[in-house]
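> There's a structure below that I have some questions on.
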Amino acid sequence: MKFPKCSASYLKDGLSALTFHEANYAKYDPLVNNLPANHHIILDRFFQSWKYFNVENEFIRNTVFKFHKDIDFAAEQRLKQGLKYLEKEKCKHPCFDVKIAVHIRRKNLDQKHLRDLGYTTPPIEYYKNAMEFFLKKYKYLKSVFVVSSDDLKWAKFNLVSITDRLIFIQSNHPAIDMAILSKCNHTIISVGTFGWWSAWLANGTTVYYKDWPVVGSSLYESTNHADYFPSSWIPM
Numbered sequence: 096m097k098f099p100k101c102s103a104s105y106l107k108d109g110l111s112a113l114t115f116h117e118a119n120y121a122k123y124d125p126l127v128n129n130l131p132a133n134h135h136i137i138l139d140r141f142f143q144s145w146k147y148f149n150v151e152n153e154f155i156r157n158t159v160f161k162f163h164k165d166i167d168f169a170a171e172q173r174l175k176q177g178l179k180y181l182e183k184e185k186c187k188h189p190c191f192d193v194k195i196a197v198h199i200r201r202k203n204l205d206q207k208h209l210r211d212l213g214y215t216t217p218p219i220e221y222y223k224n225a226m227e228f229f230l231k232k233y234k235y236l237k238s239v240f241v242v243s244s245d246d247l248k249w250a251k252f253n254l255v256s257i258t259d260r261l262i263f264i265q266s267n268h269p270a271i272d273m274a275i276l277s278k279c280n281h282t283i284i285s286v287g288t289f290g291w292w293s294a295w296l297a298n299g300t301t302v303y304y305k306d307w308p309v310v311g312s313s314l315y316e317s318t319n320h321a322d323y324f325p326s327s328w329i330p331m
């Protein structure tokens, strides 16, 4: 599997390793079941399907895909600080029972080559409907929305009309941002890998944008929604 700034050559030093290339971006590749158990194997591409991790998903979440201690600690502290500030403003004491992560990806999706591939950007109506879904679902509990975005100016301008229970993440560190989102109870995601992994790690109720990718596009042809989105996730 590819990780940022991690060269495959380092993984192969001193090893005799096979390489398995996933066939598509967002489709489960059943050939992974034929991999030999007695070899080191480099998994190449995305492997972004819940089916790859379905057998041991809790072990993978809690043991394999853990954030480094310094990242986890920083995320915990930033989340606590955000909650403390909002609670001081709204209720003068700890009062938020449900934390809902909101991932908003916007900035690079207006690039022509991504549009041509089939990428879409959820409109504000999507976030409004998703947030109101959770506000209604937890109307007897105090819910707060923890927002991570590559366009915080847009997020702040648009989301304040929906609710004032908002914490905006401004860590400038993607790993810390993802760790914060993963610590929330539930998730609203836009599009892309960052939101998908944040939701999968959080393992709560997840709402996703159903109109991604554009029907008939090359991205659409390489995507299988049944493989990509767990059946428990809610299209909206």
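Under the numbering used here, the very last position in the sequence shown is 331; numbers go up by exactly one each time. Where is the CB? At the ideal position from N, CA and C, for every residue including glycine. What you are looking at is a predicted structure, and each value in this text was computed from that prediction instead of being measured.
For a test of the three-state rule: what should DSSP assign to Tyr221, helix, strand or coil?
As a first step, residue 221 must be located in the sequence shown, where it is residue number 126. It is helical.
> Please report how far the alpha carbon of Ile137 lies from the alpha carbon of Ser277, in whole angstroms.
Numbered from its first residue, the sequence shown carries residue 137 at position 42. Numbered from its first residue, the sequence shown carries residue 277 at position 182. Distance between the alpha carbons of Ile137 and Ser277 is about 26 Å.
> Considering only the alpha carbon of each residue, which of Asn319, Asp192, Leu296 and Tyr304 lies closest to Ile155?
As a first step, residue 155 must be located in the sequence shown, where it is residue number 60. That would be Leu296, whose Cα lies nearest to the Cα of Ile155.
> Determine the burial state of Leu238: buried for a count of at least 16 other Cβ atoms within 10 Å of its Cβ, exposed for fewer.
For the purposes of this step, residue 238 is taken as the residue at position 143 of the sequence shown. In the sequence as displayed, the identity of residue 238 is Ser instead of Leu. Counting Cβ neighbours within 10 Å, Ser238 comes out buried, since at least 16 surround it.
> To the nearest angstrom, how far is it from the Cα of Thr258 to the Cα of Asn224?
Stepping through the sequence shown from its first residue, residue 258 is reached at position 163. Stepping through the sequence shown from its first residue, residue 224 is reached at position 129. Each residue's Cα considered, the two are about 12 Å apart.
> Which residue marks the beginning of the beta strand (DSSP E) containing Ile199, and which one marks its end?
Indexing the sequence shown from 1 puts residue 199 at position 104. Unbroken beta strand (DSSP E) run through Ile199: Val193 to Ile199.
> On a CA-only basis, which of Asn280, Tyr303 and Cys279 is nearest Thr288? Give me that one, please.
The residue given as residue 288 occupies position 193 in the sequence shown. Thr288 has its Cα closest to that of Tyr303, out of Asn280, Tyr303 and Cys279.
> Measuring straight from C-alpha to C-alpha, what distance separates Pro99 and Tyr120?
Here the question's residue 99 lines up with position 4 in the sequence shown. Here the question's residue 120 lines up with position 25 in the sequence shown. Confidence at Pro99 is low in this model, with a pLDDT of 44, below 50, so its placement is unreliable and the value that follows should be read with caution. The straight-line gap from Cα to Cα measures roughly 17 Å.
> Just confirm the distance between the C-beta atoms of Ala294 and Ile284, as a whole number of angstroms; I'd bet it's less than 8 Å.
As a working mapping, residue 294 is identified with position 199 in the sequence shown. As a working mapping, residue 284 is identified with position 189 in the sequence shown. About 5 Å separates the two Cβ atoms, so the contact holds.
> What are the boundary residues of the alpha helix (DSSP H) that Thr114 is part of?
What you label residue 114 is simply residue 19 of the sequence shown in a count that begins at 1. Thr114 -> not in any alpha helix (DSSP H); beta strand (DSSP E) instead, spanning Ala112 to His116.
> Just verifying my parser: in three-state terms, what is the DSSP assignment at Val239?
Position 144 of the sequence shown holds residue 239. Strand, per DSSP.
> DSSP on Thr282, reduced to helix/strand/coil?
Start at 1 with the first residue of the sequence shown, and residue 282 comes out as number 187. DSSP places Thr282 in strand when its eight states are reduced to three.
> Whole angstroms are fine: how far does the CA of Ala196 sit from the CA of His268?
Taking the sequence shown and counting its residues from 1, the one referred to as residue 268 is at position 173. Taking the sequence shown and counting its residues from 1, the one referred to as residue 196 is at position 101. Cα to Cα, the separation comes out at about 16 Å.
> Within a Cβ cutoff of 6 Å, which residues of the same chain sit near Phe162, ignoring the five residues on either side of it in sequence?
Within the sequence shown, residue 162 is the residue found at index 67, counting from 1. So the qualifying residues of the chain are Ala274.
> Flag this pair as yes or no: are the beta carbons of Asp272 and Ser244 separated by less than 7 Å?
For this step, residue 272 is matched to residue 177 along the sequence shown. For this step, residue 244 is matched to residue 149 along the sequence shown. Not in contact: Asp272 and Ser244 (Cβ atoms no closer than 7 Å).
> Is there contact here, the segment 311-328 with the segment 138-150, by at least three beta-carbon pairs under 8 Å?
Counting Cβ pairs under 8 Å, three or more are found: they touch.
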